[in-house]
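Asker: Here's a structure for you.
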Ligand SMILES: O=C(CO)[C@H](O)[C@H](O)COP(=O)(O)O
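In our numbering, the protein residues as written are 16 to 225.
This is the structure we're talking about:
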């Protein structure tokens, strides 16, 4: 079962209620929330106040993706803001096991993401503890970049080891790249510009499932 996770990074920030309606009306299951600190990645997006504000307006599953240097210090704040899943980067400065344990202690699902330059095998020992793996198919920091096919063998390798683990892919997703990701074994497709830039977002979401 494929899940679609529109990335709020590409939404119209002056009309977030309307953009949330677009996501629900399109039948997307998750909302992907990219948090950037200007240190782990060379961009700053939004944080706790925005997430806790929009939490009051939707029941969508909040898939919070922390592109920040010290996720362990902030997972509690994002859990309290209304995250359902919290994904942090393997390349961050926080200990992966301690961060997963803290997310679970807060009652949330725990995910880890890897950047394009990080091999999949660093995640193998952590797979039994994880609820989600997020494979970046662009360098994190900005929407609208071209899909990197180097993500595909990583998805395949993790799928072989963890047949039931949700595998998400993020960056450059459109109807063509979504098909490659589904074939490789991904089941959560994050789409920013392809979804929010579409004249018919429902048709765009449907095209990612086919
Ligand atoms: O994490 C991200 C950037 O760091 C975005 O979620 C990702 O790039 C999605 O945007 P697009 O679909 O436009 O490529």
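The C-beta atom is built at its ideal place from N, Cα and C for all residues, glycine as well.
#1: In whole angstroms, what separates the C-alpha of residue 214 from that of residue 110?
#2: At a cut-off of 6 Å, would you count residue 38 as near ligand 1, judging by its Cβ distance to the nearest heavy atom?
#3: I'd like the ranges of any beta strand (DSSP E) spanning at least 3 consecutive residues and lying wholly in the stretch 48-104.
#4: Compare the beta carbon distance of residue 40 and residue 34 with 7 Å and say whether it is the shorter of the two.
#5: In chain order, what residues of the same chain lie with their CB nearer than 7 Å to the CB of residue 121, ignoring the 5 residues before and after it?
#6: Use the C-beta contact count for residue 127: other C-beta atoms within 10 angstroms, 16 or more gives buried, fewer gives exposed.
#7: Please report the distance separating the alpha-carbon of residue 103 from that of residue 206.
#8: Just to check my reading of the structure: residue 184 and residue 170 have Cβ atoms closer than 8 Å, yes? What is that Cβ distance to the nearest angstrom?
#9: With distances taken Cα to Cα, identify the nearest neighbour of residue 70 among 107, 31, 54 and 24.
#10: Below 6 Å, is the gap between the Cβ of residue 188 and the nearest heavy atom of ligand 1?
#11: For residue 56, is the classification buried or exposed, using 16 other Cβ atoms within 10 angstroms of its Cβ as the cut-off for buried?
Answerer: Working from what's here:
#1: Within the chain shown, numbered from 1, the residue matching residue 214 stands at position 199. Within the chain shown, numbered from 1, the residue matching residue 110 stands at position 95. Rounded to the nearest angstrom, the two C-alpha atoms are 42 Å apart.
#2: Along the chain shown, read from residue 1 onward, the residue named residue 38 stands at position 23. No.
#3: Restricting attention to beta strand (DSSP E) runs no shorter than 3 residues, the stretch 48-104 encloses them at 76-82 and 100-104, ordered along the chain.
#4: Sequence index remark: in the chain shown, residue 40 carries index 25 (1-based). Sequence index remark: in the chain shown, residue 34 carries index 19 (1-based). If you check the CB distance, residue 40 and residue 34 do not come in under 7 Å.
#5: Here the question's residue 121 lines up with position 106 in the chain shown. Beyond the five residues adjoining it in sequence on each side, residue 121 comes within less than 7 Å, by CB distance, of 90, 91 and 94 in the same chain, given in chain order.
#6: Here residue 127 refers to the residue found at position 112 of the chain shown. The residue in question, residue 127, is buried, as its Cβ has 16 or more Cβ neighbours within 10 Å.
#7: Translated into positions along the chain shown, residue 103 becomes position 88. Translated into positions along the chain shown, residue 206 becomes position 191. A direct Cα-to-Cα measurement between residue 103 and residue 206 gives close to 18 Å.
#8: Within the chain shown, numbered from 1, the residue matching residue 184 stands at position 169. Within the chain shown, numbered from 1, the residue matching residue 170 stands at position 155. Between residue 170 and residue 184 the Cβ distance is about 6 Å, and since that is below 8 Å, they are a contact.
#9: Within the chain shown, the letter at position 55 stands for residue 70. The shortest Cα separation from residue 70 among 107, 31, 54 and 24 belongs to 31.
#10: As a working mapping, residue 188 is identified with position 173 in the chain shown. Yes, Cβ of residue 188 sits closer than 6 Å to a heavy atom of ligand 1.
#11: Position 41 of the chain shown, counted from the first residue, corresponds to residue 56. With 16 or more other Cβ atoms within 10 Å, it is buried.
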